[in-house]
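Asker: Handing you a structure now.
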Amino acid sequence: RKPVTVPGLHAMKAEGRRIAMLTAYDASFAWQLESAGVDVALVGDSLGMVMQGHASTLPVTLDHMVYHTAMVARGVSATMLVADLPFMADRDLPHVLEAGARLVGEAGAAMVKIEGGAPHILAAIEALTVRAIPVCAHLGLTPQSVHKFGGFRIQGREQEAADRVLAEALAVESAGADLLVLEGVPVALGERVTKAVKIPVIGIGAGPHCDGQVLVIQDMLGITRGKRPKFSKDFLIGHDSVAAAITAYVADVRSGAFPAPEHCFN
Ligand code: KIV
Ligand code: NA
Numbered sequence: 011r012k013p014v015t016v017p018g019l020h021a022m023k024a025e026g027r028r029i030a031m032l033t034a035y036d037a038s039f040a041w042q043l044e045s046a047g048v049d050v051a052l053v054g055d056s057l058g059m060v061m062q063g064h065a066s067t068l069p070v071t072l073d074h075m076v077y078h079t080a081m082v083a084r085g086v087s088a089t090m091l092v093a094d095l096p097f098m099a100d101r102d103l104p105h106v107l108e109a110g111a112r113l114v115g116e117a118g119a120a121m122v123k124i125e126g127g128a129p130h131i132l133a134a135i136e137a138l139t140v141r142a143i144p145v146c147a148h149l150g151l152t153p154q155s156v157h158k159f160g161g162f163r164i165q166g167r168e169q170e171a172a173d174r175v176l177a178e179a180l181a182v183e184s185a186g187a188d189l190l191v192l193e194g195v196p197v198a199l200g201e202r203v204t205k206a207v208k209i210p211v212i213g214i215g216a217g218p219h220c221d222g223q224v225l226v227i228q229d230m231l232g233i234t235r236g237k238r239p240k241f242s243k244d245f246l247i248g249h250d251s252v253a254a255a256i257t258a259y260v261a262d263v264r265s266g267a268f269p270a271p272e273h274c275f276n
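In this text, residue positions in the sequence shown follow full-length UniProt numbering: the first is 11, and each later residue adds one.
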């Protein structure tokens, strides 16, 4: 299969072909994503929760991200590899650039993801972009802000908050972001943002109108610790292997069958 590229992702949005993205944290699962035709593999800092057992993503360090990204890089070839900037990698531009250099240059990511739309995040997106490191922005329920939100809560429910998310989406696009993950927002806001920006919008709990979908792989294989999030679906139900479950996920994202109304917020 043809390698997934940044221009290729832009073309998918332009042509209305939905993008299937999943997290991976090691070479074994990376190879499963590769074989099933997943477009984008995300080494999420959710590894702090699903790999390390923490209650949030905040304890994850740049060294942890580099270690897991390098392992996933050995499992993928055509699948595009995106790696998260960990908590506080945005403390200043030297740290942002160091994180970009290590995740892309050392570990093998093709793109880095950064949470938020504040002015210093826009500066970070610009600084990475001018150095030819593609950036995926992440807005809405940004898990690194869990203490400010008071929990993992749906964002953009009130008009003013929704308008703020939309303004941030336009700002991260102007700063140079090539992709946008939109997490934990009402369906109507997911649709507004997706129509307002030219870059592909990948939703997680953001409704069916996004240009693609992403899930944490533990959630879509039914091995979530505790209650599986409402926006996720266990694709192992009705499928007899990990490979079959991931293949079904890709098919359902492409057709628009996932997410269904029961996975969405209104
Ligand atoms: O860390 C992660 O897995 C993520 C996705 C849920 C978007 O950021
Ligand atoms: Na993340």
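Heads up, the beta-carbon is just placed ideally off N, CA and C, and yes, glycines get one too.
No experiment lies behind these values; they were computed from the predicted model shown.
1. Looking at C-alpha atoms only, which residue of 80, 241, 190, 230 is the closest neighbour of residue 218?
2. Can you tell me which of the three DSSP states residue 309 falls into?
3. The beta strand (DSSP E) with residue 50 in it runs from where to where?
4. Could you give the DSSP three-state label for residue 150: helix, strand or coil?
5. Quick one: what's residue 92 bridged to in DSSP?
6. What do you get for residue 228, buried or exposed, if any count of 16 or more other CB atoms within 10 angstroms of its CB means buried?
7. Could you work out which residue in 263, 79, 252, 38 is closest to residue 56 when comparing CA atoms only?
8. So, are the CB atoms of residue 194 and residue 150 less than 8 Å apart?
9. Counting only the same chain and skipping the five closest in sequence on each side, list residues whose C-beta sits under 7 Å from that of residue 211.
10. With DSSP run on the structure shown, which of helix, strand or coil describes residue 223?
11. Beta strand (DSSP E) containing residue 212: first to last residue?
12. Only counting the same chain, and skipping five residues up and downstream in sequence, which positions put a Cβ closer than 8 Å to that of residue 266?
13. Going by DSSP, what residues sit across from residue 30 in a beta bridge?
14. Could you have a look at residue 190 and say whether DSSP puts it in helix, strand or coil?
15. Would residue 278 and residue 15 qualify as a contact pair, given that the criterion is a beta-carbon distance under 8 Å?
16. Taking only the alpha-carbon atoms, compute the straight-line gap between residue 12 and residue 170 and give it to the nearest angstrom.
17. With DSSP run on the structure shown, which of helix, strand or coil describes residue 145?
18. With a threshold of 7 Å (Cβ to nearest heavy atom), would residue 234 be considered close to the ligand KIV?
19. With a threshold of 16 other CB atoms inside 10 Å of the CB of residue 122, please say whether the residue is buried or exposed.
20. When the Cα of residue 236 is compared with those of 38, 44, 63, which residue comes out closest?
21. What residue does the alpha helix (DSSP H) around residue 129 start on, and which one ends it?
22. Could you tell me whether the stretch 68 to 75 touches the stretch 32 to 40, using the rule of 3 or more Cβ pairs below 8 Å?
23. Check residue 13 in the structure and name its three-state DSSP category.
24. To the nearest whole angstrom, what separates the beta carbons of residue 157 and residue 125, a pair I think is in contact under 8 Å?
25. From residue 116 to residue 145, what distance separates their C-alpha atoms?
26. Is any non-hydrogen atom of the ligand KIV found closer than 7 Å to the C-beta of residue 74, if you look at the structure I gave you?
Answerer: So, from the data block:
1. As a position in the sequence shown, residue 218 is number 208, starting the count at 1. Of the candidates 80, 241, 190, 230, 241 places its Cα closest to the Cα of residue 218.
2. Nothing can be reported for residue 309, as the shown portion of the chain is limited to 11 through 276.
3. In the sequence shown, the residue the question calls residue 50 occupies position 40. 50 to 53 is the extent of the beta strand (DSSP E) around residue 50.
4. Residue mapping note: residue 150 aligns to position 140 of the sequence shown, counting from 1. Note: residue 150 maps to strand in three-state DSSP.
5. In the sequence shown, counting from the first residue as 1, residue 92 sits at position 82. As DSSP reads the structure, residue 92 sits in a beta bridge with 52, 121.
6. In the sequence shown, the residue the question calls residue 228 occupies position 218. Classified as buried, residue 228 has 16 or more neighbouring CB atoms from the shown chains inside 10 Å of its CB.
7. What you label residue 56 is simply residue 46 of the sequence shown in a count that begins at 1. If we check each option's Cα against that of residue 56, 79 comes out closest.
8. As a first step, residue 194 must be located in the sequence shown, where it is residue number 184. As a first step, residue 150 must be located in the sequence shown, where it is residue number 140. A contact, by the Cβ cut-off of 8 Å.
9. Along the sequence shown, read from residue 1 onward, the residue named residue 211 stands at position 201. In its chain, beyond the 5 residues on either side, 190, 192, 203, 204, 220, 221 have a beta carbon closer than 7 Å to the beta carbon of residue 211.
10. As a first step, residue 223 is located in the sequence shown; it is residue number 213 there, counting from the start. Strand, per DSSP.
11. Here residue 212 refers to the residue found at position 202 of the sequence shown. From DSSP, the beta strand (DSSP E) with residue 212 extends over 211 to 214.
12. For the purposes of this step, residue 266 is identified with residue 256 of the sequence shown, where counting begins at 1. Cβ neighbours of residue 266 beyond the five flanking positions: 28, 218.
13. Taking the first residue of the sequence shown as position 1, residue 30 is located at position 20. DSSP output for residue 30 lists 223 as bridge partner(s).
14. Here the question's residue 190 lines up with position 180 in the sequence shown. Three-state result, residue 190: strand.
15. What the structure shows of the chain is the stretch from 11 to 276, and residue 278 is not part of that stretch, so it cannot be assessed.
16. Position 2 of the sequence shown, counting from 1, holds the residue named residue 12. Position 160 of the sequence shown, counting from 1, holds the residue named residue 170. Spanning the alpha carbons of residue 12 and residue 170 requires a straight line of approximately 42 Å.
17. Counting from 1 along the sequence shown, the entry for residue 145 is found at position 135. In this structure, residue 145 counts as strand in the three-state DSSP scheme.
18. Here the question's residue 234 lines up with position 224 in the sequence shown. Within 7 Å of the C-beta of residue 234 there is not a single heavy atom belonging to the ligand KIV.
19. Taking the sequence shown and counting its residues from 1, the one referred to as residue 122 is at position 112. That one is buried.
20. Translated into positions along the sequence shown, residue 236 becomes position 226. Nearest of 38, 44, 63 to residue 236, Cα basis: 63.
21. Indexing the sequence shown from 1 puts residue 129 at position 119. Segment 129 to 140, the alpha helix (DSSP H) holding residue 129.
22. The stretch 68 to 75, when compared against the stretch 32 to 40, does not touch it at the 8 Å Cβ threshold.
23. One-based indexing of the sequence shown puts residue 13 at position 3. Coil.
24. In the sequence shown, counting from the first residue as 1, residue 157 sits at position 147. In the sequence shown, counting from the first residue as 1, residue 125 sits at position 115. Residue 157 to residue 125, Cβ: 13 Å. No contact.
25. For this step, residue 116 is matched to residue 106 along the sequence shown. For this step, residue 145 is matched to residue 135 along the sequence shown. About 17 Å.
26. As a position in the sequence shown, residue 74 is number 64, starting the count at 1. The answer is no for residue 74.
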